[in-house]
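Mapping the sequence shown onto this note's numbering, position 281 (from 1) lands on 979, and the numbers just tick up by one.
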Amino acid sequence: MFSRKPSSWRYTSLSPSDGGLAPRKRWSHSLRLTIILMLPLSLVVLALFWTQISENSSLSPTKISCTDPATRREWRSLSRREKKDYIDAVKCLATVPSRLGTNGTIYDDFPWAHTQVSSFTHGSASFFPWHRYFIHAYERALREHCHYEGNLAYWDWTLDWENITRSPVWGPESGFGGDGNKTGEITLGHGRCIVDGPFAGQVALFYGTRYDPHCLSRGFGNGDKEGEFSGIGVRPEVVENILKQDSYEKFFLDFENGPHSVIPNGVRGDFFSFTAPYDPVFFLHHTQLDRLWWVWQKTDFKKRVKAYGGRITHHSNEQASLKDILHMGGLVDNLPVMSVMSTESDLLCYKY
């Protein structure tokens, strides 16, 4: 499994090697007196030391010490070979047995984990950090199980908003295939089986929380209009206005309810449910969202690398904290939010 296992720490024994007790030694009266006199001073020094450590480390994100962060690029900037390598690695995941016991493959593990915790990671403060860690886990899976040597790519939909269904990401050869079969039978989520591209015929085991084997499906639509959908919600000025928000809570809510929702509501099919990671474009979409959070953080990094707030879950009034734990559905180890606030930490080590 591609979990990052924490180190195990144990106290070392100070007893003699033969297992017996060490002989007691008689301390002199002067030594006892010295220890008694020095003890208060030692406690003061120790208290000052830990206070300084606490002030310097309290709620600080994972240390920033990666010296050569990887660069994630926009999909259309990749060479034909780079695109093929990425697509081949994604398809490879569907050949590696599940690590979560889904009776499927690692390709199934990601949508399954996403849907298991979705009610806690949407409409809540953890929306951005949870998905940052989630796509990082996906990148690691591509590398560790399928020997992928590249990085995740993002889809900048602001470049395509005027004709979003004609974006290169939907290309049959250097993309992920397009719309579902317009004359075929509706499978689920208003979608139909994808008929072109490298994922035509790809089987998905789940839809939401139910076991429902089906072909990977899309159903481009905008209301009653089939075959296309509007990109007006991801046009550049929409994104620019959200990036001007100073409050993290307002920032994440505007993105989640705005550009984030435009794509699944238009693509439909598998993308239309919490098992959306079945559609490989999901990861380009969320890498773009992660990039925009990164852009927002970089605007005032010292402040915004710790900027976090809002509800801990969408159905709770409890306020979120950097100490909150990101639960990953068994994909990787659970970590506190503070561990993923900087992309250039030892854990993540990437930029855009």
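The beta-carbon is built from N, C-alpha and C at its ideal position, and this holds for glycine as well.
No experiment lies behind these values; they were computed from the predicted model shown.
Rounded C-alpha distance that separates residue i from residue j
{"i": "Q995", "j": "I862", "result": "27 Å"}
{"i": "V893", "j": "L914", "result": "9 Å"}
{"i": "L987", "j": "G1028", "result": "23 Å"}
{"i": "Y976", "j": "F808", "result": "8 Å"}
{"i": "F981", "j": "F897", "result": "14 Å"}
{"i": "N903", "j": "I833", "result": "Just to set this straight, residue 903 is Leu in the shown sequence, not Asn. Whole-angstrom Cα-Cα distance: 20 Å."}
{"i": "K789", "j": "H843", "result": "11 Å"}
{"i": "N1015", "j": "T819", "result": "15 Å"}
{"i": "A823", "j": "A792", "result": "32 Å"}
{"i": "S817", "j": "G906", "result": "12 Å"}
{"i": "N754", "j": "V936", "result": "Unreliable positioning characterises N754 in this predicted model, as indicated by a pLDDT of 42, which lies under 50. The coordinate reading is nonetheless provided below. If you take the alpha carbons of N754 and V936, they lie about 38 Å apart."}
{"i": "C1047", "j": "F972", "result": "28 Å"}
{"i": "T997", "j": "T1041", "result": "14 Å"}
{"i": "G1007", "j": "E871", "result": "42 Å"}
{"i": "V1038", "j": "K1004", "result": "10 Å"}
{"i": "Q750", "j": "T765", "result": "Per-residue confidence for Q750 stands at a pLDDT of 45, beneath the threshold of 50, marking its modelled position as unreliable; no derived number is given."}
{"i": "H1013", "j": "W992", "result": "27 Å"}
{"i": "A835", "j": "V815", "result": "15 Å"}
{"i": "S644", "j": "I1023", "result": "Since the first residue shown for the chain is 699 and the last is 1050, residue 644 is missing from the structure and cannot be characterised."}
{"i": "G802", "j": "V794", "result": "9 Å"}
{"i": "Y805", "j": "Q900", "result": "10 Å"}
{"i": "E837", "j": "D783", "result": "13 Å"}
{"i": "F950", "j": "S1019", "result": "15 Å"}
{"i": "T800", "j": "D910", "result": "12 Å"}
{"i": "I779", "j": "F874", "result": "It is Arg, not Ile, that sits at residue 779 in the sequence shown. The alpha-carbon atoms of R779 and F874 are separated by roughly 14 Å."}
{"i": "G895", "j": "E883", "result": "19 Å"}
{"i": "K1049", "j": "K781", "result": "19 Å"}
{"i": "S777", "j": "I785", "result": "12 Å"}
Collapsed DSSP secondary structure at residue i in the structure displayed
{"i": "D998", "result": "coil"}
{"i": "Y1050", "result": "coil"}
{"i": "C790", "result": "helix"}
{"i": "R864", "result": "helix"}
{"i": "I1023", "result": "strand"}
{"i": "E772", "result": "strand"}
{"i": "I892", "result": "strand"}
Residues of its chain near residue i, where Cβ-Cβ distance is below 6 Å and the 5 sequence neighbours each way are ignored
{"i": "H829", "result": "H984"}
{"i": "L840", "result": "A787 and Y846"}
{"i": "F644", "result": "There is no way to answer for residue 644, as the model of the chain reaches only from 699 to 1050."}
{"i": "Y831", "result": "L1024 and V1038"}
{"i": "F826", "result": "F950 and W991"}
Close-in-space but distant-in-sequence residues of the same chain around residue i (CB under 8 Å, 5 per side omitted)
{"i": "P738", "result": "Note that P738 scores a pLDDT of 47, beneath 50, so its modelled location is shaky; the value from the coordinates is reported in the next line. Cβ neighbours of P738 beyond the five flanking positions: none."}
{"i": "K1021", "result": "L757, P1034, V1035 and M1036"}
{"i": "W853", "result": "E772, W773, S865, V867, V979, L982, H983, T985 and Q986"}
{"i": "T885", "result": "G878, C891, H912, C913, S915 and G967"}
{"i": "T813", "result": "F904, G906, T907, S971, F972 and T973"}
Close beta carbons around residue i, own chain, < 7 Å, minus the five adjacent residues each side
{"i": "R933", "result": "T856 and W859"}
{"i": "K948", "result": "none"}
{"i": "G931", "result": "G956, P957 and V960"}
{"i": "E686", "result": "Look at the range of the chain in this structure, 699 to 1050, and you will see that residue 686 is not part of it."}
{"i": "L798", "result": "D807, W810, A811 and G1028"}
{"i": "P962", "result": "F969, F970 and A974"}
Completely contained beta strand (DSSP E) runs for the region 896 to 962, where each covers 3 or more residues: 901 to 905 and 908 to 913
Any 3 or more C-beta pairs closer than 8 Å across the region 769 to 782 and the region 844 to 861: yes
Considering only residues of the region 792 to 857, which uninterrupted alpha helix (DSSP H) runs meet the minimum length of 4 residues and lie entirely inside it, listed in chain order? Qualifying alpha helix (DSSP H) stretches, in chain order: 804 to 819 and 825 to 844.
Would you check if the region 941 to 961 and the region 867 to 879 touch, i.e. whether three or more CB-CB distances between them fall below 8 Å? no
Give, in chain order, every unbroken run of the beta strand (DSSP E) that is at least 3 residues long and sits entirely within the region 962 to 996. none
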